[in-house]
Amino acid sequence: MHDGLERFERGWGERVERPNWAPADIDLERPSVARVYDYWLGGAHNFAADRAVAQKTLETMPELRGVVLNHRAFLRRVVRHLLGRGVRQFLDLGSGIPTVGNVHEIVQATDPEGRVVYVDLDPVAVAHSRSLLAGNDHVSVLHADVRDWAGVLASDEVDKQLDFDEPVAVLMIALLHFVSDEEDPWDVVGGYRDHLSPGSFLAISHAGYEADEETEASRQARKIYNRDVTQMTFRDATEIRRLFDGFELVDPGVVRVPAWHPESPADVEESGRGFPGFAALGRKAWR
Amino acid sequence: MTDRVDQRVREDRSPLSPAVLAGAQSFARSWATAVIGSSYVPMTRAEVAQHLQDLTELLVEALFASPFRTAPGHEIGSRLVDAHFTGTDTLGRTVQLLGDDLLVELGFPGDARLTSRLTALQGALAAGYARALRERTLAEQEAIRAAVLDARDQAESMLRASEARFRAMFTEAAIGIGIAAIDGRILDVNQALQDMLGFSVEEMRQYNVRDLMHPEDAGSVWRLYDQLIAGECDHYRAEKRFHRADGEQVWTHLTLSLVRDDHGEPQYQVAMIEDVTDRHLLQNRLRYQALHDPLTGLPNRALFLERLGRVFSNRARHVRAGLCYLDLDGFKVINDSLGHDTGDQLLVEVGRRLDHSVSGEGKLVARMGGDEFVILVEGSSGEQDIVDVADRVLTELEAPIRIAGHELSVSASIGIVERQLSGTTSADLMRDADITLYWAKADGKARWALYDPERNAREVARFTLSATMPRALERGEFYVEYQPLVRLEDSKVIGVEALVRWQHPEFGRLAPDRFIELAEETGLIVPLGRWVLRKACEEARRWLEEFGDAAPFVSVNLAVRQSRDPELVRDVKQILDECALPPHHLQLELTESAIMGTADEPLEALRALCDMGVRIAIDDFGTGYSNLAYLKHLPVHELKIAGSFMEGLRAENEEDPVDAQIVATLVQLAHALSLGVTAEGVETPAQAARLLRLGCDTGQGWFFARPGPPENIDSLLRGDL
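Here the protein sequences come in this chain order: X and S.
Heads up: the first sequence runs through residues 183 to 469, numbered per the numbering used here.
Heads up: the second sequence runs through residues 303 to 1023, numbered per the numbering used here.
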């Protein structure tokens, strides 16, 4: 979501170079990835333009609400899993609009001293996060492009909250399908990986199918989304596995999102097979 | 927040009977199954089930409570929203499930009172849910709008900050910056530009960019401007002058850039203007220094050549120009004897007088270096114009120059060239003026000389010949012809004179008078003479072999320089040896001056040659100044009387008595000294007859034969002719 707004405002295919001192316009007539996502999750942090696109996509692919819900549920499961493994530092990339069940809520319910840094490029999402988190000293919100890993890692916010000598969990939930092959998500992930100490974690959930699995409805929905919101790149399990280069995959490896450490067998039964997305957790290897 | 809800519910359970409780638990499980997936709630399936279980118990308690109240229904609806069961399907399924299943599960199906109570609680639950969802929605809308405002504030403050930075940059920049609309209206100028041009912003805004045109602007400045305005180019740089408000001029370095709008259409023009006046003035001064002679202040060679080049580049067909190339006579002596300082002061004064005597439009006096000056006259009408200038200069220089107590008289030599410019070049003009100056010097100094193309052509030809002669000898361009020397008594060929010729690739066949003198000057005469001698001796040897006693001797001319060559005797001996030619078959011809005017050494050489048996002849006798007394001591065998004496003997019917007497006297003189006599230039039978009568021994000339290849001599000897 971090890069959705950015790219949308630039207009796809026609890049207008904007000097970095000139802030992007905040135009409520244009849908924002973060707010569309919030609507799908049942939130009201959105505007008419966001809802119009969200509803239109839902009409074509009604199961989308379930898809979004599953990515969100994976976030909850993986954070709880990591807390169980003793991780207390989280870097949530492309965090979007804060809604119920945020990372810091889950983390701080277990350990009030747990640290979280949220990163997003959407200025409204960032502003909202900041107002929500005012007074919470262990959480920071960074306005940045997550593809600029060097800039993110060098920021004051990251420096204030995270100690990279200790394990850190990097979360890329429903994020990297917004980074095209040309923009090299493998390189982006590698940038963060190289900064992590061994024993740190990388969690990814990512839209995608195995080859030839995509339904016509999904293709249509993706077309609307690509045209009206932002470009998506679907990847299969093999491509996603490559993102974990330098990590050891935690069992069960790269699987459909609902099938990753489900809380109840019923969850998997419902939507496990053919679910349009994969999830995995990796642990940085000791060299 | 889910924990908080769960804990509070757990505290107040128990008033229900175990059977009712079991029914409630069963209902809660159905409820969970019905609503899972209808909303996103941050809870596990088990947590959801527990949460609904608590709400079910609350509902059941309310159902049986006395007095009956609907408030718990409100609370349940509200708590569903709190737990983020915000999907409206959740409410629909909940209300339906309550109506369909709850009383059945609790074991009171069809109980009218409970059904009525349940309906009231369902309504309260829906109302509570709706109010809570509305509040949550409003709160979230409020929050997201606040976030938008925050983000905008943030963005605007960044924009303001950056605008302030850029405004500061614009205002404070040391370089002048101006912004104008595409139609040229000036919109804004910064302080530096106001200071540079001396106008305020308000004044500048009255102007159009085109009002800033300067008459001295290069054409390209405004041509590029039009292209930029039309969007054909995005920026350009130029040197440009501006008028200041106070009338002064500013030299600037201008960079003009086009600013386009989002659609790529030209929107603004931005000028960055740097004041380079100081640099420009410095450049002018440096240029002046580079183009003027620091001593006299006159233009120097570089400026002169630049001006000359300009004259030639601007020439119309019939425009003429003239040059005086002037060099002081004897300047070196003054410099060496009175010192450089005096020499320099002299040059300053000469420069001043030149500048004074030559003034006016189209005239330029320059110092070329040393004591050389040049005067360029553009648009002259003929040679006389330049001659007048030269005369004026020479007159001007006549008055003595006083320097440090010395009265110095100076004179100058001047080479003059004046011509129409078409068909010539500046280099031609300079070279010809230089040559002509040399002529003026050679002709006696203190004068001018006028360029003469014929004289120049002659000198060029001479130069060309002397320069090409060494290679000509190597390449075999020389050859030898022979002219018979005939005994008058019996018309028998007794000798032949070897005459060198040059088959020049450019000038054709050249007689000796064209190149022997040059060869003497350059010294090439020595190898050339040696080559002729060898050639002649080889031919003589051949004749000797072929004709025996009837073979002629060869007579070879010896130039003055050859006669003084210390190697002469050795060379002759070596050649005779190599050709196995008896010495008396060789005669060497020298001019009177070569023999008479010499010191002892050449005479020694002649004696040695004579002793060797080689014959010596005096060529062109009677044209020089012979010391007759001396003659008898010389090792000479033959006198050749110059052809000029034969003129009076030529005619058939009458003869010039003086010439006849001279020839007779010379013959007597020769015979008295036991010398043979050869008459040159015999052209008629009358001449031959008279010479025989006067006692002359031998004749040479066209009457007998013209010079020709050796084969001609062969024919003569065989008697073929």
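Here a beta-carbon is modelled for each residue, glycine too, at the ideal position from N, C-alpha and C.
So what does residue i bridge to, in DSSP terms?
{"i": "Asn-859 of chain S", "result": "S:Glu-891"}
{"i": "Thr-554 of chain S", "result": "S:Lys-542, S:Asp-577"}
{"i": "Ser-322 of chain X", "result": "X:Val-299"}
{"i": "Cys-626 of chain S", "result": "S:Ile-677, S:Ile-718"}
{"i": "Lys-277 of chain S", "result": "In the structure as shown, chain S starts at 303 and stops at 1023, and residue 277 of chain S therefore has no counterpart that could be examined."}
{"i": "His-388 of chain X", "result": "X:Phe-460"}
{"i": "Thr-921 of chain S", "result": "A small correction: the amino acid at residue 921 of chain S is Asp; Thr does not occupy that position in the sequence shown. Per DSSP, S:Thr-893."}
{"i": "Glu-478 of chain S", "result": "With the sequence shown as reference, residue 478 of chain S is identified as Gly, and Glu is not the correct amino acid for it. BP columns for Gly-478 of chain S point to S:Ile-575."}
{"i": "Tyr-570 of chain S", "result": "S:Ala-483, S:Val-561"}
What span of residues does the alpha helix (DSSP H) with residue i cover, start to end?
{"i": "Asp-356 of chain S", "result": "347-366"}
{"i": "Thr-392 of chain S", "result": "390-399"}
{"i": "Ser-639 of chain S", "result": "633-640"}
{"i": "Arg-270 of chain X", "result": "No alpha helix (DSSP H) contains Arg-270 of chain X, which DSSP labels as neither H nor E."}
Any Cβ of chain S within less than 8 Å of the Cβ of residue i?
{"i": "Leu-223 of chain X", "result": "yes"}
{"i": "Arg-254 of chain X", "result": "yes"}
{"i": "Arg-267 of chain X", "result": "no"}
{"i": "Arg-258 of chain X", "result": "yes"}
{"i": "Pro-305 of chain X", "result": "yes"}
{"i": "Pro-458 of chain X", "result": "no"}
{"i": "Asn-228 of chain X", "result": "yes"}
{"i": "Gly-381 of chain X", "result": "no"}
{"i": "His-286 of chain X", "result": "no"}
{"i": "Gly-428 of chain X", "result": "no"}
Only counting the same chain, and skipping five residues up and downstream in sequence, which positions put a Cβ closer than 8 Å to that of residue i?
{"i": "Pro-205 of chain X", "result": "Residue confidence is low: Pro-205 of chain X scores 46 on pLDDT, short of 50, so the model does not pin down where it sits. Its coordinate-derived value is still stated next. Taken in chain order, the residues that qualify are Pro-305."}
{"i": "Val-307 of chain S", "result": "Note that Val-307 of chain S scores 40 on pLDDT, short of 50, meaning its location in the model is unreliable and no value can be drawn from it."}
{"i": "Pro-601 of chain S", "result": "Leu-593, His-594, Asp-595, Arg-609, Leu-666, Val-667, Ala-668, Arg-669"}
{"i": "Thr-392 of chain S", "result": "Val-337, Ser-340, Ser-341, Leu-382"}
{"i": "Asp-687 of chain S", "result": "Gly-624, Val-679, Glu-720"}
{"i": "Arg-1025 of chain S", "result": "Lying before the first or after the last residue shown, residue 1025 of chain S is absent from chain S, which here runs from 303 to 1023."}
Checking contacts by CB at 8 Å: is residue i closer than that to chain X?
{"i": "Thr-396 of chain S", "result": "no"}
{"i": "Pro-344 of chain S", "result": "yes"}
{"i": "Gly-664 of chain S", "result": "no"}
{"i": "Thr-727 of chain S", "result": "no"}
{"i": "Ser-319 of chain S", "result": "no"}
{"i": "Ile-479 of chain S", "result": "no"}
{"i": "His-353 of chain S", "result": "no"}
{"i": "Arg-438 of chain S", "result": "yes"}
{"i": "Gly-339 of chain S", "result": "yes"}
{"i": "Val-450 of chain S", "result": "yes"}
For the beta strand (DSSP E) containing residue i, list its first residue and its last residue.
{"i": "Trp-804 of chain S", "result": "794-806"}
{"i": "His-708 of chain S", "result": "708-710"}
{"i": "Thr-980 of chain S", "result": "978-981"}
{"i": "Ala-460 of chain X", "result": "Sequence inspection shows Phe at residue 460 of chain X; the Ala mentioned does not correspond to that position. Start and end: 459-466."}
{"i": "Pro-786 of chain S", "result": "780-789"}
{"i": "His-565 of chain S", "result": "From DSSP, His-565 of chain S is part of no beta strand (DSSP E); its letter is neither H nor E."}
Assuming the contact rule is C-beta atoms closer than 8 Å, residue i and residue j should be a hit. Round their C-beta distance to whole Å, please.
{"i": "Leu-892 of chain S", "j": "Ser-857 of chain S", "result": "Actually they are not in contact, since the Cβ atoms of Leu-892 of chain S and Ser-857 of chain S sit about 11 Å apart, beyond 8 Å."}
{"i": "Glu-980 of chain S", "j": "Glu-940 of chain S", "result": "According to the sequence displayed, residue 980 of chain S carries Thr and not Glu. Between Glu-940 of chain S and Thr-980 of chain S the Cβ distance is about 6 Å, and since that is below 8 Å, they are a contact."}
{"i": "Val-719 of chain S", "j": "Ala-744 of chain S", "result": "No, Val-719 of chain S and Ala-744 of chain S are not in contact; Cβ-Cβ is about 17 Å, not under 8 Å."}
{"i": "Gly-533 of chain S", "j": "Leu-560 of chain S", "result": "7 Å"}
{"i": "Glu-651 of chain S", "j": "Ile-703 of chain S", "result": "5 Å"}
{"i": "Phe-429 of chain X", "j": "Arg-404 of chain X", "result": "Contact flag wrong, Cβ pair sits at about 28 Å."}
{"i": "Gly-379 of chain S", "j": "Ala-330 of chain S", "result": "Gly-379 of chain S to Ala-330 of chain S, Cβ: 16 Å. No contact."}
{"i": "Phe-346 of chain X", "j": "His-377 of chain X", "result": "6 Å"}
{"i": "Leu-649 of chain S", "j": "Thr-697 of chain S", "result": "About 19 Å separates the two Cβ atoms, so there is no contact after all."}
{"i": "Tyr-784 of chain S", "j": "Val-802 of chain S", "result": "Not a contact, Cβ separation roughly 11 Å."}
Give every residue of the same chain whose Cβ lies closer than 7 Å to the Cβ of residue i, excluding the five residues on either side of it in the sequence, and list them in chain order.
{"i": "Ser-332 of chain S", "result": "Leu-399, Asp-403"}
{"i": "Gly-486 of chain S", "result": "Asn-510, Val-511, Arg-512"}
{"i": "Gly-333 of chain X", "result": "Ala-326"}
{"i": "Pro-772 of chain S", "result": "Leu-826"}
For residue i, which residues in the same chain have their Cβ closer than 6 Å to its Cβ, ignoring the five residues on either side in sequence?
{"i": "Ala-216 of chain X", "result": "Met-183, Gly-278, Ile-279, Asp-304, Ala-307"}
{"i": "Ser-319 of chain S", "result": "none"}
{"i": "Ala-467 of chain X", "result": "Glu-430"}
{"i": "Phe-1006 of chain S", "result": "Pro-786, Val-788"}
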